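Visitor: In the working numbering, each residue carries its 1-based index in the sequence shown increased by 199.
Got a structure for you, written out below as structure tokens; questions coming shortly.
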Amino acid sequence: GCRPLALPAVYRPLCVRSAHSAANDTVHFRESRTPHPLKAKPWEQAEFQKLEFNERYATTANHIWSKEEIDHMLANLWQHKPQTFSDKFVHGAMYGLYKTFNFITGYRADNTPVRAVEWRLIVLESFAGVPGFVAAMFRHFRSLRNLCRDHGWIHTLLEEAENERMHLLTCMKMFDAGIMTRTLVISAQVVMTPFVAALLIVKPGAAHRFVGYLEETACITYANVIHQVETPGTPLHGAWSDVDAPEIARTYWKLSDDAKWVDVLKCMFADECNHRD
């Protein structure tokens with residue numbers, strides 16, 4: 200049979216103790232000073248609340264966009280032309296949803312009401328955070344099933360999902376979500392999850408193309424919103440042109456302390472362009 204490995208001499212004195220001593224010296228893991236990765240211990244929770252935002256929350260590293268990169272993307276809103284039958288199918292499905300979404304939220308390209316954009320961004324980012332995570336799950340299961348490596352796909356897709364979630368959390372620092380918004384978010388997730396899962400099972404390439412078209416619509420939306428915020432006389436300019444960036448955004452995109460909300464919108468736009476491409 201297997202014999203236990205002998206402990207190094209340096210550890211033996213710690214193990215040679217009476218049962219009474221061991222019982223008295225035992226400390227529950229919640230009370231010990233050994234750090235817990237989830238900050239689950241009472242003393243960690245107390246210290247956790249004293250930290251600054253960027254010390255309290257660990258997020259995945261995101262590309263820090265330069266002004267030149269953002270300006271180039273804003274000047275080149277590239278759109279993919281459907282080629283195959285599956286391309287045309289998912290393109291029609293996505294842009295059908297896009298037009299329906301515009302109607303429901305009251306979004307229009309000129310003089311967009313501020314509330315319509317607030318509602319739209321919350322729902323959009325909650326919607327966009329679904330495909331990456333579902334696709335990562337399928338890649339994870341595929342790797343386990345085939346007993347092979349994934350070569351980076353899982354982490355790339357999870358990074359995209361996390362990035363979209365950070366967009367949503369940033370928006371939630373700026374806007375309130377009413378009962379209608381929350382209902383639409385839940386409904387979109389209920390529909391989106393099985394739809395993406397089915398596409399990934401039947402034709403993975405079509406699922407990724409669908410996400411590409413989704414990101415195209417996000418890029419169009421953000422570019423239009425940015426243009427309106429920077430155009431005097433529009434409702435969005437009056438409401439958002441002088442609004443400061445929230446702390447969560449300054450930390451995540453490493454923006455300056457005097458950054459404005461429109462600077463955050465530009466970073467979110469650049470992220471969406473990256474997902475699209």
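From the three backbone atoms N, C-alpha and C, an ideal C-beta is built for every residue, glycine too.
Treat the numbers as computed from the prediction; the structure is a model and nothing was measured.
1. For residue 453, which of helix, strand or coil comes out of DSSP?
2. Strictly by DSSP, which residues pair up with residue 459?
3. Is it a yes or a no for the stretch 341-354 touching the stretch 421-433, going by three-plus beta-carbon pairs under 8 Å?
4. For the 8 Å Cβ check, are there 3 or more pairs between the stretch 436-445 and the stretch 382-398?
5. Does the stretch 313-321 touch the stretch 363-377, meaning 3 or more C-beta pairs lie closer than 8 Å?
6. Between which residues of its own chain and residue 208 is the CB-CB distance below 7 Å, once the five residues before and five after are set aside?
7. Please go through the same chain and pick out, in chain order, the residues whose beta-carbon is closer than 7 Å to the beta-carbon of residue 305, but skip the five residues on each side of it.
8. Drop a sphere of 10 angstroms on the beta-carbon of residue 346, count the other beta-carbons inside from all chains shown, and report buried for 16 or more, exposed for fewer.
9. Cα-Cα, which of 434, 274, 445 and 406 is closest to residue 329?
10. Exposed or buried, what is residue 272 when buried is set at 16 or more other beta-carbons lying within 10 Å of its beta-carbon?
11. State the Cα-Cα distance for the pair residue 279 and residue 291, rounded to the nearest angstrom.
12. Which residue wins for smallest C-alpha separation from residue 327, given the options 411, 433, 401 and 398?
13. Using the three-state DSSP reduction, which class does residue 472 fall into: helix, strand or coil?
14. Go through its chain and collect everything with a Cβ distance to residue 363's Cβ below 6 Å, but skip five positions before and after it.
Guide: Looking at the atomic coordinates:
1. As a first step, residue 453 must be located in the sequence shown, where it is residue number 254. Coil.
2. Walking along the sequence shown from the start, residue 459 turns up at place 260. For residue 459, which the question treats as bridged, DSSP gives the partners 443.
3. no
4. no
5. Segments in contact, yes.
6. The residue labelled residue 208 in the question sits at position 9 within the sequence shown. With a pLDDT of only 43 at residue 208, under 50, the local geometry of the prediction cannot be trusted, and no value is derived from it.
7. If you number the sequence shown from 1, residue 305 lands on position 106. Excluding sequence positions up to five before and after residue 305, its CB lies within less than 7 Å of the CB of 312 and 315, all in the same chain and listed in chain order.
8. On the sequence shown, residue 346 is found 147 positions in, with the first residue counted as 1. So residue 346 counts as exposed.
9. For this step, residue 329 is matched to residue 130 along the sequence shown. The residue with the shortest Cα to Cα distance from residue 329 is 406.
10. Against the sequence shown, residue 272 aligns to sequence position 73. When all chains shown are included, residue 272 counts as buried.
11. Sequence index remark: in the sequence shown, residue 279 carries index 80 (1-based). Sequence index remark: in the sequence shown, residue 291 carries index 92 (1-based). Distance between the alpha carbons of residue 279 and residue 291: 13 Å.
12. Taking the first residue of the sequence shown as 1, we reach residue 327 at position 128. It is 411 whose Cα lies nearest to the Cα of residue 327.
13. Counting from 1 along the sequence shown, the entry for residue 472 is found at position 273. In this structure, residue 472 counts as helix in the three-state DSSP scheme.
14. Taking the first residue of the sequence shown as position 1, residue 363 is located at position 164. Excluding positions up to five away in sequence, the list reads 324, 327 and 328.
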